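Numbering (this note's numbering), first residue to last: 952 to 1281.
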């Protein structure tokens, strides 16, 4: 495994992030524990979750699965850089959300972090991330809450997720004015087929020293060899990939992508990850394996060197938005 520093911090993290969103609803607890053991054995030290993960198994269930894994000992907690998120309500179905039990008020953050610590069975969180912007809460209040948690030893750093570039700037300028450290990471949708983050989010992250943590690196399976799997009858396409493939222009792009990689003897999913690892500002894409084979494929991507010919061809198939503001201004 290769390691790098997270943004401007001194914190060293693996070039892959283990995403845990499947733990609970799609992967049972014993299998989740096995995957985490395998990831740790392979050198992945950056684990990402969120308080709302668990879906059909119940919100908070994913954090609970990580917590029971930590209690098995063997230095598991000490070896892991643990990131979780706060914003969404923990209620499900028709149950109403009680006031101050979601979003980013100081009260909500205080309650949420204590609940996450209990589920995770740990006394601190390395990176506490805001899962979404809160248009109702000023950053002055958010940073006040964060500073208290840092002083209490409950969190070490703060990060963001799904923030636009201007909010990254606003958050860190407010932190700077208050004498705080500000955001150290940004999780955003970023992959070959979704490059909008290159317009503002990634430049803002680089400017303020945030490590970029791309989620959905395979774009819901679209970049994982979906057409070949369809042809072989080994996988039925669903979700985001199915919706995208219904568009003729997207299907043509994906076909060109798979044809290119077949020509070079490369695996689509591994190339999608390897491409992200070449991008400026990117620290560690989030991979969410459900099987040992998927984890092994992701690990191979770390050492995959893409030729200039392949990189140029990928840009032709999936062109980015270009530099900002030149791409939309004179």
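Quick reminder that beta carbons are idealized off the backbone N, C-alpha and C, glycines included.
Please read all numbers here as calculations on a predicted model, not as lab measurements.
Below-8 Å beta-carbon distance, residue i vs any chain C residue
i            : result
residue 1076 : Absent here is chain C; the protein component of the structure consists of one chain.
Proximity test, residue i beta-carbon vs the ligand MG heavy atom, cut-off 7 Å
i            : result
residue 1082 : In terms of ligand content, the structure shown is empty, and the ligand MG therefore cannot be addressed.
7 Å CB neighbourhood of residue i in its chain, flanking five on each side removed
i            : result
residue 983  : 974, 1016
residue 956  : 962, 963
residue 1156 : 1119, 1137, 1163, 1232
residue 1088 : 1054, 1055, 1056
residue 1001 : 1035, 1036, 1082
residue 1275 : 1150, 1151, 1154
residue 1265 : 1143, 1226
residue 1246 : 986, 989, 990, 1240
residue 1161 : 958, 1119, 1134, 1135, 1136, 1137
residue 1011 : 1002, 1005, 1041, 1070
Nearest-angstrom beta carbon gap, residue j and residue i [assumed within contact, 8 Å]
i            : j            : result
residue 1159 : residue 1123 : 5 Å
residue 1021 : residue 1073 : 6 Å
residue 1098 : residue 1038 : With a Cβ gap of about 19 Å, residue 1098 and residue 1038 do not count as contacting.
residue 1100 : residue 1018 : Actually they are not in contact, since the Cβ atoms of residue 1100 and residue 1018 sit about 19 Å apart, beyond 8 Å.
residue 960  : residue 1108 : 7 Å
residue 1111 : residue 1134 : 5 Å
residue 1248 : residue 1200 : In fact, because the Cβ distance is near 28 Å, the residues do not count as touching under 8 Å.
residue 1090 : residue 1048 : Between residue 1048 and residue 1090 the Cβ distance is about 23 Å, and since that is not below 8 Å, they are no contact.
When the options are compared against residue i, the one with the closest alpha-carbon
i            : options                : result
residue 1262 : 1273, 1250, 1225       : 1225
residue 1241 : 967, 972, 968          : 972
residue 1127 : 1095, 1194, 990, 1171  : 1095
residue 1104 : 1150, 1064, 1223, 1149 : 1064
residue 990  : 952, 1182, 1069, 1010  : 952
residue 1208 : 1220, 1056, 1198       : 1220
residue 1163 : 1087, 1243, 1140       : 1140
residue 1034 : 1082, 994, 1012        : 1082
residue 981  : 1249, 1275, 1013       : 1013
residue 1181 : 1168, 1196, 1169       : 1196
residue 1008 : 995, 1087, 954, 976    : 976
residue 1077 : 1010, 996, 1167, 1177  : 996
residue 1213 : 1189, 1114, 1176, 968  : 1176
residue 1190 : 1199, 1169, 1005       : 1169
residue 986  : 1002, 1003, 968        : 968
residue 1031 : 1090, 993, 1115, 1048  : 993
residue 1102 : 1198, 1131, 1210       : 1131
residue 1259 : 1067, 1215, 1066, 1246 : 1215
residue 1004 : 1106, 1023, 978, 1115  : 978
residue 1165 : 1178, 1210, 1239       : 1239
residue 1068 : 1255, 1183, 1106       : 1106
Enclosing alpha helix (DSSP H) for residue i [first to last residue]
i            : result
residue 1090 : 1090 to 1103
residue 1077 : Segment 1076 to 1081 is the beta strand (DSSP E) holding residue 1077; no alpha helix (DSSP H) there.
residue 1021 : 1012 to 1021
residue 985  : 980 to 992
residue 1250 : 1243 to 1253
residue 1227 : 1219 to 1228
residue 1260 : 1259 to 1268
residue 1056 : Counting along the chain, residue 1056 falls outside any alpha helix (DSSP H), and DSSP gives it neither H nor E.
residue 1159 : 1152 to 1159
residue 1178 : 1177 to 1183
residue 1194 : 1190 to 1196
Residues bridged to residue i [DSSP beta-bridge criterion]
i            : result
residue 1033 : 998
residue 1290 : Absent from the model: residue 1290. The displayed extent of the chain is 952 to 1281, so no value can be given.
residue 1112 : 1138
residue 1003 : Answer is none; residue 1003 lacks a bridge partner.
residue 1145 : 1142
residue 1106 : 1076
residue 963  : 956
residue 974  : 978
Neighbourhood of residue i by C-beta, 8 Å cutoff - its chain only, sequence neighbours within 5 removed
i            : result
residue 1204 : 1144, 1268, 1269
residue 1052 : 1040, 1041, 1042, 1059, 1062
residue 1171 : 1190, 1191, 1192, 1195
residue 1228 : 966, 1236, 1252, 1253
Residues near residue i by beta carbon distance below 6 Å, same chain, minus five either side
i            : result
residue 1271 : 1146, 1149
residue 1027 : 1021
residue 1129 : 1094
residue 1252 : 1221, 1224, 1225
residue 1092 : 1057
residue 1116 : 1151, 1152, 1155
residue 1255 : 1221, 1225
Terminal residues of the beta strand (DSSP E) in which residue i lies
i            : result
residue 1162 : 1162 to 1166
residue 1206 : Per DSSP, residue 1206 belongs to no beta strand (DSSP E); it is in the alpha helix (DSSP H), 1199 to 1214.
residue 955  : 954 to 956
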